[in-house]
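Trainee: Heads up, the sequence shown is in the working numbering, so the first residue is 2 and it goes up one at a time.
In this text, a Cβ means the ideal position worked out from N, Cα and C, and glycines have one as well.
Let me begin by handing over the structure; questions about it come next.
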Amino acid sequence: AEHCRLCPKCFKAIERTEGCASMICGQNYHGGNKQPGCGHGFDWASALKYVPRVDRNKHLEDLDFAGAGLRGAGVQHFFACCRLCNGGIRGPRFRCLHCESFDCCIGC
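See below:
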């Protein structure tokens, strides 16, 4: 999170890995690497810092595995794999709100 800022227009988290402080939401400033984003240009130093909102002690209701397994039971997610067991995902696919590349199968 220390390398992330929020886009001033759409508030999407933007990661800066290297380079200049001129940013465009959804792509590299100097072209290439297209990703989801609004295309707004901004300066890295003036953008709000990203703060992860994860409540680790928050009580979550028990998941209804039988009900979840019925909805989308036959769906095969060809371009996704479970980040916990590294297996393919068949059936419901669980995704992280903060990490676009984190997917999890119903077994994990």
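Mark residue 106 as exposed unless 16 or more other C-beta atoms lie within 10 angstroms of its C-beta, in which case mark it buried.
Mentor: Here residue 106 is taken as the residue at index 105 of the sequence shown, counted from 1. It is buried - the Cβ of residue 106 has at least 16 other Cβ atoms within 10 Å.
Trainee: Between the Cα of residue 18 and those of 11, 10, 6, 12, spot the shortest distance and give me the residue it belongs to.
Mentor: The residue given as residue 18 occupies position 17 in the sequence shown. Out of 11, 10, 6, 12, 6 has the C-alpha closest to the C-alpha of residue 18.
Trainee: For residue 16, which residues does DSSP report across the bridge?
Mentor: Counting from one through the sequence shown, the residue named residue 16 turns up at place 15. Partner(s): 5.
Trainee: Express the C-alpha separation of residue 27 and residue 36 in angstroms, rounding to a whole number.
Mentor: Sequence index remark: in the sequence shown, residue 36 carries index 35 (1-based). Sequence index remark: in the sequence shown, residue 27 carries index 26 (1-based). If I take the Cα positions, the gap works out to 5 Å.
Trainee: Going by other Cβ atoms of all chains shown within 10 Å of its Cβ, with 16 needed for buried, is residue 113 buried or exposed?
Mentor: Residue numbering for the chain in the displayed model covers 2 to 109; residue 113 lies beyond these limits and cannot be assessed.
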